[in-house]
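Down below is the structure, laid out as structure tokens.
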Amino acid sequence: MISKFHVLPKQGMGHATRMMRQLRCFSTPPKYNEGLRRSTGALAALSLGVGVCLGLYISYVPHSSKQVFPLASITPLHELNPPQYGSEEDLKNCIIEIQKIIGDNSVADSEAEIDHHTDNGFNPSKPLPHQKPRYVIYPESTEDVSHIMQIINKYSIPVVPYSGGTALEGHTYSTRPGIVLNTSRMNKILQVNVDDLDAVVQAGVGWQQLNEHLSKQKDMENLMLGCDCGPGAHICGMVSTNASGIGATRYGSMASNVISIKAVLADGTVIKTKQRPRKSSAGYNLTGLLVGSEGTLAVVTEVVVKLQVKPAYEAAAVVQFPSVNDCTRSMASFFKSGLPLNAVELLDSDMMRCINYSDLVTKKFENMPTLFIKIGGLNRIIVEEYIKEVKSISQANHCSSFEFARSAEEAEELFSARKNALYMMLDYGFNEISPDAKMWITDCAVPLSRLASTLEQLNEMMKEYPMQHMVLGHGDANLHYDIFYTPDQYEMCREAVDRMAKLTIANEGTCSGEHGIGAGKRALLETELGEDTISMMRKLKLALDPKRLLNPDKVFKTDPLDENTK
Ligand SMILES: Cc1cc2nc3c(=O)[nH]c(=O)nc-3n(C[C@H](O)[C@H](O)[C@H](O)COP(=O)(O)OP(=O)(O)OC[C@H]3O[C@@H](n4cnc5c(N)ncnc54)[C@H](O)[C@@H]3O)c2cc1C
Ligand SMILES: *[C@@H]1O[C@H](CO)[C@@H](O)[C@H](O)[C@H]1NC(C)=O
Ligand SMILES: *[C@@H]1O[C@H](CO)[C@@H](O)[C@H](O)[C@H]1NC(C)=O
Ligand SMILES: *[C@@H]1O[C@H](CO)[C@@H](O)[C@H](O)[C@H]1NC(C)=O
Ligand SMILES: *[C@@H]1O[C@H](CO)[C@@H](O)[C@H](O)[C@H]1NC(C)=O
11 MISKFHVLPK QGMGHATRMM RQLRCFSTPP KYNEGLRRST GALAALSLGV GVCLGLYISY
71 VPHSSKQVFP LASITPLHEL NPPQYGSEED LKNCIIEIQK IIGDNSVADS EAEIDHHTDN
131 GFNPSKPLPH QKPRYVIYPE STEDVSHIMQ IINKYSIPVV PYSGGTALEG HTYSTRPGIV
191 LNTSRMNKIL QVNVDDLDAV VQAGVGWQQL NEHLSKQKDM ENLMLGCDCG PGAHICGMVS
251 TNASGIGATR YGSMASNVIS IKAVLADGTV IKTKQRPRKS SAGYNLTGLL VGSEGTLAVV
311 TEVVVKLQVK PAYEAAAVVQ FPSVNDCTRS MASFFKSGLP LNAVELLDSD MMRCINYSDL
371 VTKKFENMPT LFIKIGGLNR IIVEEYIKEV KSISQANHCS SFEFARSAEE AEELFSARKN
431 ALYMMLDYGF NEISPDAKMW ITDCAVPLSR LASTLEQLNE MMKEYPMQHM VLGHGDANLH
491 YDIFYTPDQY EMCREAVDRM AKLTIANEGT CSGEHGIGAG KRALLETELG EDTISMMRKL
551 KLALDPKRLL NPDKVFKTDP LDENTK
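Each residue of the sequence shown is one higher than the last, beginning at 11 in my numbering.
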């Protein structure tokens with residue numbers, strides 16, 4: 011489909027406005043060749059006449075009589091034709107043109123590099139043998155990405171944006187043989203605006219890289235990004251999955267830590283979602299649209315992120331309880347009392363057993379449900395007042411021990427048990443279950459008041475399966491129920507994970523609190539939100555990426571021939 015919206019991408023102001031208009035008035039009609047759909051024809055003609063979008067629209071009326079102005083607000087999967095991607099020849103020509111613009115050393119296709127960009131090893135389901143990218147491309151700037159996308163669009167080649175590669179649900183799989191955009195060369199910190207508490211970064215800057223940079227500058231050492239997630243993750247990946255981490259209880263997820271985004275659309279158009287003020291009611295919230303879109307709507311190339319001020323004084327506490335119920339009741343009371351906790355992490359007794367088992371930390375704990383808590387403030391006196399309150403709430407909820415670190419080093423040591431939890435679990439699985447034991451990391455979230463009963467139901471359900479599990483939860487009622495399985499238990503584990511997500515959804519929860527949907531949870535997303543909501547997402551997707559080039563087959567299906575049940 012060629013319309014004036016899709017050709018001649020230009021750069022500069024005004025493109026975000028055009029992107030909004032695209033969302034508002036126009037989205038590609040899926041089956042052009044079937045003529046007018048049922049009774050929509052007359053209405054379509056009428057709306058053309060009246061001019062739904064007045065004069066604006068008139069100049070974009072498709073000329074072929076076979077094309078329909080789509081009246082439906084949603085795009086169900088069955089109304090789509092399969093996507094048409096470029097041929098082998100197109101792919102070759104596409105690469106030649108890209109090389110001409112950004113240089114030979116920005117394109118790679120060695121076996122080692124292709125393998126490196128095929129799977130990160132964390133995803134429970136592996137990509138199929140043919141699901142490999144054909145080329146890896148290394149852009150360095152927004153302009154590079156814009157040029158690349160114009161050429162990719164011309165040849166209709168599937169493209170997967172790929173940053174830190176730490177996502178956990180097969181987000182970066184090349185389900186269609188095409189191009190991977192590795193953002194590692196887009197790693198410049200462009201501005202740090204100390205007085206505004208924000209930073210402008212290229213999309214491939216890592217969260218650790220940004221924090222390290224800040225910690226080394228004279229007037230910035232007390233600033234940091236509010237989100238932390240997998241080591242190695244980049245800001246653009248975090249934006250794209252709406253990542254959280256331990257800091258989210260206090261600072262919110264990426265959605266709360268992003269001010270504005272510069273991005274390249276499927277046809278190469280460069281847009282900016284907002285200016286740089288904290289406050290804005292200026293037009294559609296395209297920042298919010300791109301956050302969590304998992305590379306399916308645009309390639310994020312620059313981000314303005316908020317910087318948070320590290321507390322001048324911070325203490326840590328580890329509190330153990332006889333039951334998970336006591337833990338979650340304490341958590342609820344902390345929040346209701348208005349305590350400004352910087353982190354609250356819940357570890358169940360199995361997880362604590364694993365920590366005790368590990369020699370990665372020297373400290374030993376009882377095998378009981380435990381809260382790891384961080385609390386900060388202006389100075390020691392204030393923080394000690396808070397700690398008193400934390401202690402009294404914990405005692406009211408029957409805590410059996412309350413340990414509180416008085417120095418930064420002690421706090422670091424206490425919290426290291428939480429920080430290393432993943433590695434300790436892997437270590438435990440390897441030694442105690444089987445050398446080829448794998449861990450399936452789940453990611454449900456429920457309203458806090460439902461946390462204890464949901465956990466009880468999940469534990470009850472898991473008794474039906476001969477697989478060990480451990481639970482890690484964040485203070486925002488986000489549970490990682492981590493299950494060990496051996497390769498022969500894969501199907502069984504998949505069934506358990508599926509039931510687990512459905513049980514969470516039945517408890518008014520979500521199948522993904524912070525990791526996203528990727529290739530692994532598409533069916534669950536539909537269970538959670540319903541077919542019509544997904545069809546609305548599909549409508550948005552097709553409005554912005556009519557050829558379905560950007561990260562195909564992720565979040566929801568866009569190909570009616572896609573028979574995968576996930
Ligand atoms: C050990 C470990 C611990 C983790 N802990 C947490 C945690 O505490 N909290 C949490 O939220 N997550 C956690 N994660 C998950 C992971 O770190 C996050 O999902 C993270 O946001 C992924 O970022 P990335 O840069 O690695 O993105 P990638 O894995 O490279 O990509 C993620 C998604 O973003 C898209 N994308 C990448 N770059 C762009 C771009 N420039 N434009 C548009 N789309 C793009 C990709 O196509 C993909 O869909 C953890 C992972 C690991 C391995
Ligand atoms: C991106 O490419 C760089 C350079 O080749 C490589 O070191 C890095 O591991 C790649 N990123 C991922 C997530 O594989
Ligand atoms: C991002 O995550 C937060 C916290 O989980 C959630 O409230 C918000 O709705 C999410 N935003 C988007 C745009 O996905
Ligand atoms: C828009 O979305 C972003 C990201 O989800 C969020 O931080 C912001 O508060 C929202 N609203 C406005 C007006 O930008
Ligand atoms: C913790 O591990 C030690 C050995 O490392 C063991 O002696 C002890 O009994 C364990 N504690 C609990 C509560 O399991």
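Cβ atoms here follow ideal geometry from the backbone N, Cα and C, with glycine treated the same way.
task: Could you tell me whether the segment 356-370 touches the segment 391-410, using the rule of 3 or more Cβ pairs below 8 angstroms?
output: Segments in contact, no.
**Asked** Roughly how far, in whole angstroms, is the beta-carbon of L357 from the beta-carbon of L482, given that I think they are within contact range, below 8 angstroms?
**Response** As a first step, residue 357 must be located in the sequence shown, where it is residue number 347. As a first step, residue 482 must be located in the sequence shown, where it is residue number 472. Going by Cβ atoms, the distance from L357 to L482 rounds to 6 angstroms, so yes, they are a contact pair.
Tell me the DSSP secondary structure of Q330 in three-state form.
Within the sequence shown, residue 330 is the residue found at index 320, counting from 1. Note: Q330 maps to strand in three-state DSSP.
| message | Which same chain residues end up closer than 7 angstroms to M434 when comparing Cβ atoms and leaving out the 5 residues on each side of it in sequence? | response | In the sequence shown, the residue the question calls residue 434 occupies position 424. Correct list, in chain order: C364, I365, S368 and L370.
Practice prompt. Could you pull the start and end residues of the alpha helix (DSSP H) that M196 belongs to?
Written response: As a first step, residue 196 must be located in the sequence shown, where it is residue number 186. According to the DSSP assignment, M196 belongs to no alpha helix (DSSP H), since it is labelled neither H nor E.
Checklist entry - Identify the residues that DSSP records as bridge partners of L275: which are they? => result Here the question's residue 275 lines up with position 265 in the sequence shown. In the DSSP output, where bridge partners are listed per residue, L275 has none listed.
- prompt: Which residue or residues does DSSP assign as beta-bridge partners of P171?
  reply: For this step, residue 171 is matched to residue 161 along the sequence shown. Answer is L191, bridged to P171.
Count the other CB atoms, across all protein chains shown, that sit within 10 Å of the CB of N163; report buried if there are 16 or more and exposed otherwise. Numbered from 1 along the sequence shown, position 153 holds the residue referred to as residue 163. Classification of N163: buried, given that the 10 Å Cβ count is 16 or more.
Three-state secondary structure (DSSP) of L550:
What you label residue 550 is simply residue 540 of the sequence shown in a count that begins at 1. In the structure shown, the three-state DSSP call for L550 is helix.
**Message:** Going by the DSSP bridge assignment, what does L356 pair with across the sheet?
**Reply:** Along the sequence shown, one-based indexing puts residue 356 at 346. Answer by DSSP bridge pairing, in chain order: L381 and G483.
Bridge partners of Y148, per DSSP? Locating residue 148 in the sequence shown gives position 138, counting from the first residue. Per DSSP, none; premise fails for Y148.
**Asked** Between S290 and ligand 3, is the CB less than 8 angstroms from at least one heavy atom?
**Response** Mapped onto the sequence shown, residue 290 falls at position 280. For ligand 3, not one heavy atom lies less than 8 angstroms from the Cβ of S290.
Looking at the strands, I want to know which residues DSSP matches up with H244. Taking the first residue of the sequence shown as 1, we reach residue 244 at position 234. Per DSSP, G216.
| said: Quick check: what's the CA-CA separation for D446 versus H479? | reply: Sequence index remark: in the sequence shown, residue 446 carries index 436 (1-based). Sequence index remark: in the sequence shown, residue 479 carries index 469 (1-based). Going from the Cα of D446 to the Cα of H479 covers about 16 angstroms.
Going by DSSP, name the residue or residues bridged to Y495.
Here the question's residue 495 lines up with position 485 in the sequence shown. Per DSSP, K448.
*Give me the Cα-Cα distance between S291 and H490, rounded to the nearest whole angstrom.*
Along the sequence shown, one-based indexing puts residue 291 at 281. Along the sequence shown, one-based indexing puts residue 490 at 480. If I take the Cα positions, the gap works out to 36 angstroms.
- Terminal residues of the beta strand (DSSP E) in which I281 lies: Your numbering for residue 281 matches position 271 in the sequence shown. It spans V280 to K282 - the beta strand (DSSP E) in which I281 sits, taken as one unbroken run.
Measuring only from the beta carbon, is E123 closer than 8 angstroms to any heavy atom that is part of ligand 2?
For this step, residue 123 is matched to residue 113 along the sequence shown. Because some heavy atom of ligand 2 lies under 8 angstroms away, the Cβ of E123 counts as near it: yes.
task: Go ahead and label A52 buried or exposed: buried means 16 or more other beta carbons lie within 10 angstroms of its beta carbon, across all protein chains shown.
output: Here residue 52 is taken as the residue at index 42 of the sequence shown, counted from 1. Because the pLDDT of A52 is 44, which lies under 50, any placement of that residue in the model is unreliable, and the question is left without a value.
Worksheet item: Which of helix, strand or coil does DSSP assign to M477?
Response: On the sequence shown, position 467 is the one that residue 477 refers to. Reduced to three states, the DSSP call for M477 is coil.
Next item on the list: Identify, in the order they occur along the chain, each residue of the same chain with its Cβ nearer than 6 angstroms to the Cβ of G45, setting aside the five sequence neighbours on each side.
Entry: By one-based count along the sequence shown, residue 45 stands at place 35. Reliability fails at G45, whose pLDDT of 37 lies under 50, so the model's placement of it is uncertain and the value that follows must be treated cautiously. Counting only Cβ-Cβ distances below 6 angstroms, and skipping sequence neighbours, we find nothing.
Q) How long is the line joining the alpha carbons of V117 and I189, rounded to whole angstroms? A) Locating residue 117 in the sequence shown gives position 107, counting from the first residue. Locating residue 189 in the sequence shown gives position 179, counting from the first residue. Taking the straight line joining both Cα atoms gives about 10 angstroms.
Worksheet item: By how many angstroms is the C-alpha of R428 removed from the C-alpha of S151?
Response: Along the sequence shown, read from residue 1 onward, the residue named residue 151 stands at position 141. Along the sequence shown, read from residue 1 onward, the residue named residue 428 stands at position 418. The alpha-carbon atoms of S151 and R428 are separated by roughly 37 angstroms.
Checklist entry - Who are Q318's beta bridge partners in DSSP? => result Looking up residue 318 in the sequence shown gives position 308. Q318 is bridged to M234.
* Asked: Taking the continuous alpha helix (DSSP H) assigned at A258, which residues delimit it?
  -> In the sequence shown, counting from the first residue as 1, residue 258 sits at position 248. A258 -> alpha helix (DSSP H) spans A258 to Y261.
Task: Close Cβ partners of K551 (< 7 angstroms) along its chain, the five nearest in sequence each way excluded - done: Counting from one through the sequence shown, the residue named residue 551 turns up at place 541. Answer for K551: T306, L307 and T568, listed in chain order.
- Message: Going by DSSP, what residue range makes up the beta strand (DSSP E) through E573?
- Response: For the purposes of this step, residue 573 is identified with residue 563 of the sequence shown, where counting begins at 1. E573 -> no beta strand (DSSP E), and no H or E assigned at all.
- Query: Hey, is the segment 120-130 in contact with the segment 95-111, meaning 3+ C-beta pairs nearer than 8 angstroms?
  - Reply: no
| said: Suppose contacts are defined by Cβ-Cβ distances below 9 angstroms. Is M546 in contact with S83 by that definition? | reply: Your numbering for residue 546 matches position 536 in the sequence shown. Your numbering for residue 83 matches position 73 in the sequence shown. Taking 9 angstroms as the Cβ cut-off, M546 and S83 qualify as a contacting pair.
inquiry  = Please report the straight-line C-alpha distance between T185 and G175, rounded to a whole angstrom.
reply    = In the sequence shown, counting from the first residue as 1, residue 185 sits at position 175. In the sequence shown, counting from the first residue as 1, residue 175 sits at position 165. In a straight line, the C-alpha of T185 is about 15 angstroms away from that of G175.
### Query
To the nearest angstrom, how far is it from the Cα of S410 to the Cα of K398?
Counting from 1 along the sequence shown, the entry for residue 410 is found at position 400. Counting from 1 along the sequence shown, the entry for residue 398 is found at position 388. Approximately 16 angstroms between the Cα atoms of the pair.
* Asked: Quick one: is the Cβ of S270 within less than 8 angstroms of any heavy atom of ligand 3?
  -> Counting from 1 along the sequence shown, the entry for residue 270 is found at position 260. Checking the Cβ of S270 against ligand 3 gives no.
From the DSSP output, in three-state form, read off E501 for me. Sequence index remark: in the sequence shown, residue 501 carries index 491 (1-based). It is helical.
Using beta-carbon positions only, say whether C237 and A213 come within less than 9 angstroms of one another. The residue you call residue 237 lines up with position 227 of the sequence shown. The residue you call residue 213 lines up with position 203 of the sequence shown. Not in contact: C237 and A213 (Cβ atoms no closer than 9 angstroms).
- Item | Endpoints, the alpha helix (DSSP H) within which S402 is located | As a working note, residue 402 is residue 392 in the sequence shown. Residue range R390 to A406 is occupied by the alpha helix (DSSP H) that includes S402.
If you pair each beta-carbon of the segment 310-325 with each one of the segment 202-210, do three or more pairs fall below 8 angstroms?
-> In short, these stretches touch, since the Cβ pair count reaches three.
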